[in-house]
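Undergrad: Protein chains in written order, with the working numbering: chain A, 1 to 344; chain B, 1001 to 1344.
The structure is given below, and queries will be raised subsequently.
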DNA sequence: ATAGATATCTAGATCGATCTAAAGGCTGAA
DNA sequence: TTCAGCCTTTAGATCGATCTAGATATCTAT
């Protein structure tokens, strides 16, 4: 048995209460300046008295602007994305836009479903971190889509906000080399991820720059999770000669690696050096040396790109690549005594 | 210069293309069975050919159902909430509902803004984890609100899905006592948070049950973050006699505490026992003994409560309290040698 | 006094779907 | 033949706002 709720208070109710027309009430609601102060006041009083609630849905139907932005990420539980989400939501919120969230769990079918659902909404635009492998296959060919901006991972044919990953891991390698490390591993990060490829190539470039030989066993591929980092470091330690430092695909992987180190009685920074990637909030608390990719800034940049694209759909494609920055904390340190040195 | 986009394909276009009326097309879209198979097929063909995109906004205006649910959390970057969000989003998504996300950062003003914005949308219902202190002051008195369900933290006058926190920390204490611990700290968790109060009272109840004296310095209040856990444990270790184990407000606090332990050369499970709360994904990877509050299940429960409330707004208030479960991993262990024992 | 400019307000169409109530066609029973 | 009953389809009103184009009143300058 559905309890019948009281009928909605509409513009018409306000209008007749305030003795003006619907149109005038609408002008007041939208803060259009052409309304006489006295009228505005009268209308606002009626709005308060009758407890009027604005109906965005009705407004958007007519104005063709929903003031909703779709946000599709591949994994909310990844703190890097969580920080981006917060930043985007704040940024858009202060621009009067609502964020509709979707999580793909790296599932392409789910991504297509979300794109569709948000287009139907219809969202005024969509921010997306494409699932692994959808960078090329990308957009569904179905119906028309609203303006789209990709972040963190590029996508064919749309604007993009990302990080200079190559430079990032190059910085990491240089830092480690400066501390005396020579055998440096690169761990975590599925090879099919563009960002992993870029970070890997920066890692290689860093090695080359210092005439260090790249050895393929030092690249330990794993899931970009805490668990992945854990297992990756354990494999790395079994190599002979073992590496003395590692550049991690991201901070979460780095924490997993630190977990593994400690499980074997090694102290990060002293017995083995670890560099993370992203500089999530926990990185500071965990004293992790890392490459700061300023997730919040990235989110805001992507949001700005989208707002511009919405404003001017015809403008040429844009890419904004943010520069990363090394943040030195306690998980890296001078190479002490390299037990493998004598073996070589 | 706004590039004028091609005009939208509407029901009317499909109707004239397929040689039927708008109403019939609508019936096809909504899978109403009364449409003749041949007609349905013809309409679907037109829909595909013209690349029609359904307009939910228009539909909801008329049907008075937006198929959107507002989800307000206090901190997305907290993995506990992130897991809940994913679960809710999945659950509602499979019921054909879209999730609109909002993050309050424990800010009451922002919570009010979000409640308002979602009411205006209008969302069909709202799931909320109230900010600290809004449990009583709660709902804005402004306009009408859609059905609301609170989770994790109760809120006056609305349905609630939560955890039996008292039993949870009681389980934790019993586990530690069983391992021989006598001086057990309770760390993290702001005292004004209902869940912290409940967990604290379960802690005390656990102590009483085993005739262990409660000493107030063993309750170390801190922010419920990794950093909070870190600092809390350091303070706890400075007590004399120092505790040998700690029940943490949540898993993140526990990780911070472990961080602190290791920074002082102590190994969790061997030199000091730590119990977390919630059993987030990282707890497994980090071998953390914890109280499993099944965040995903909690999210789904809350979502179900909301769906029922929407279906039947007049039904009596409901509360669902899930029972927690102890998960033993490696961060707890038998009390070895208690260096303080002799001092007493 | 009159035309023109300015400020303020409004009627009515409109956005794109759903809903209601009923129409048309067909079947089988009386 | 006629009519009730079923199946399928539809015209037109409707949801609650915005937009357009113009009306009305007030003021200024000549």
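Ideal Cβ placement from N, Cα and C applies to all residues, glycine included.
Residues of chain A with CB closer than 9 Å to the CB of residue 1049(B), please, in chain order.
TA: None at all; the shortest Cβ gap to chain A is about 11 Å.
Undergrad: Does the CB of residue 313(A) have a neighbour CB from chain B at under 9 Å?
TA: True, the Cβ-Cβ gap to chain B drops below 9 Å.
Undergrad: Please decide whether residue 77(A) counts as near chain B, where near means a Cβ-Cβ distance under 9 Å.
TA: Judged by the 9 Å Cβ criterion, residue 77(A) is in contact with chain B.
Undergrad: Quick one: what's got a C-beta closer than 8 Å to residue 213(A)'s C-beta in the same chain, skipping five residues either side?
TA: Result list for residue 213(A): 207, in chain order.
Undergrad: Just to confirm before moving on: does the CB-CB distance between residue 1287(B) and residue 1325(B) stay below 9 Å?
TA: No, these two residues do not count as a Cβ contact at 9 Å.
Undergrad: Hey, out of 154(A), 275(A), 107(A) and 223(A), whose CA is closest to residue 356(A)'s CA?
TA: Absent from the model: residue 356(A). The displayed extent of chain A is 1 to 344, so no value can be given.
Undergrad: Quick check: is the beta carbon of residue 1164(B) nearer than 9 Å to any beta carbon in chain A?
TA: No, because no Cβ of chain A sits closer than 9 Å to the Cβ of residue 1164(B).
Undergrad: Is it buried or exposed, residue 1249(B), if we count other Cβ atoms within 10 angstroms and call 16 or more buried?
TA: The residue in question, residue 1249(B), is buried, as its Cβ has 16 or more Cβ neighbours within 10 Å.
Undergrad: Alpha carbon to alpha carbon, how far is residue 1117(B) from residue 98(A)?
TA: Looking at the two C-alpha atoms, the distance is approximately 8 Å.
Undergrad: Is the CB-CB distance between residue 1051(B) and residue 144(A) below 9 Å?
TA: Result yes, Cβ atoms of residue 1051(B) and residue 144(A) sit closer than 9 Å.
Undergrad: Would you call the CB atoms of residue 1254(B) and residue 1225(B) closer than 9 Å?
TA: No, these two residues do not count as a Cβ contact at 9 Å.
Undergrad: At the level of alpha carbons, what is the spacing between residue 1135(B) and residue 53(A)?
TA: Whole-angstrom Cα-Cα distance: 23 Å.
Undergrad: Quick one: what's residue 1262(B) bridged to in DSSP?
TA: In DSSP, residue 1262(B) forms no bridge with anything.
Undergrad: Please name the residue or residues paired with residue 272(A) in a DSSP beta bridge.
TA: Bridge partners of residue 272(A): 268(A).
Undergrad: For residue 1325(B), list the residues DSSP reports as bridge partners.
TA: Beta-bridge pairing links residue 1325(B) to 1292(B).
Undergrad: Looking at chain A, is there any beta carbon in it that lies within less than 9 Å of the beta carbon of residue 1026(B)?
TA: Not one chain A Cβ lies under 9 Å of residue 1026(B).
Undergrad: In whole angstroms, give me the CA-to-CA distance for residue 1150(B) and residue 239(A).
TA: Answer to the nearest angstrom: the Cα atoms are 52 Å apart.
Undergrad: Rounded to whole angstroms, what's the CA-CA distance from residue 343(A) to residue 182(A)? Just pull it up for me.
TA: Below a pLDDT of 50, predicted positions are generally treated as unreliable, and residue 343(A), at 41, falls in that range; the measurement from the model is reported next regardless. Roughly 14 Å between the two C-alpha positions.
Undergrad: Alpha carbons only, please: which of 14(A), 271(A), 292(A) and 36(A) is nearest the one belonging to residue 281(A)?
TA: Minimum Cα distance to residue 281(A) is reached at 292(A).
Undergrad: Is it right to say residue 1231(B) is buried, meaning 16 or more other beta carbons lie within 10 angstroms of its own, or is it exposed?
TA: By the 10 Å Cβ count, residue 1231(B) comes out buried.
Undergrad: Spell out whether any CB of chain A is found under 9 Å from the CB atom of residue 1226(B).
TA: Taking Cβ atoms only, chain A reaches closer than 9 Å to residue 1226(B), which makes this a yes.
Undergrad: Quick check on this structure: which residue in 284(A), 24(A) and 246(A) has the alpha carbon closest to the alpha carbon of residue 218(A)?
TA: For residue 218(A), the nearest C-alpha among the options comes from 246(A).
Undergrad: Would you mind telling me which residues of chain A sit closer than 8 Å to residue 1099(B), beta carbon to beta carbon, in chain order?
TA: Those within 8 Å of residue 1099(B) in chain A are 100, 101 and 102.
Undergrad: So, does the region 1102-1120 of chain B touch the region 1168-1185 of chain B, judging by three or more C-beta pairs under 8 Å?
TA: Verdict: no, contact absent.
Undergrad: Could you name the residues of the same chain whose beta carbon sits closer than 7 Å to that of residue 333(A), not counting the 5 residues immediately before and after it, in chain order?
TA: 179, 269, 270 and 273, listed in sequence order.
Undergrad: What residues of chain B sit near residue 122(A), judged by a beta carbon separation below 8 Å?
TA: Residues of chain B passing the Cβ test: 1053, 1055, 1056 and 1057.
Undergrad: Just list the residues that DSSP pairs residue 1150(B) with in beta bridges.
TA: Answer is 1128(B) and 1160(B), bridged to residue 1150(B).
Undergrad: When the cut-off is 9 Å and only beta carbons count, does residue 1156(B) lie next to chain A?
TA: Not an interface residue.
Undergrad: Can you tell me whether residue 1073(B) is buried or exposed? The criterion is at least 16 other CB atoms within 10 Å of its CB, across all chains shown.
TA: The residue in question, residue 1073(B), is buried, as its Cβ has 16 or more Cβ neighbours within 10 Å.
Undergrad: Taking residue 298(A) and residue 159(A) to be in contact with their CB atoms under 8 Å, please state how far apart those CB atoms are, rounded to whole angstroms.
TA: Wrong, their Cβ atoms sit about 13 Å apart, outside the cutoff.
Undergrad: Taking 9 Å as the CB-CB limit, is residue 1001(B) close to chain A?
TA: For residue 1001(B), the predicted model reports a pLDDT of 37, less than 50, meaning its position is unreliable; a value from the coordinates is still stated below. True, the Cβ-Cβ gap to chain A drops below 9 Å.
Undergrad: Could you check whether the region 162-172 of chain A touches the region 315-331 of chain A, counting it as contact only if at least three pairs of C-beta atoms, one from each stretch, sit closer than 8 Å?
TA: Result yes; three or more Cβ-Cβ pairs closer than 8 Å.
Undergrad: Go through its chain and collect everything with a Cβ distance to residue 1329(B)'s Cβ below 7 Å, but skip five positions before and after it.
TA: Taken in chain order, the residues that qualify are 1287, 1288 and 1289.
Undergrad: Can you tell me whether residue 316(A) is buried or exposed? The criterion is at least 16 other CB atoms within 10 Å of its CB, across all chains shown.
TA: With fewer than 16 other Cβ atoms within 10 Å, it is exposed.
Undergrad: Contact criterion: CB-CB distance below 9 Å. Does residue 90(A) meet it with respect to chain B?
TA: True, the Cβ-Cβ gap to chain B drops below 9 Å.
Undergrad: Do you know how far the Cα of residue 1055(B) is from the Cα of residue 1100(B)?
TA: Going by the C-alpha atoms only, they are around 17 Å apart.
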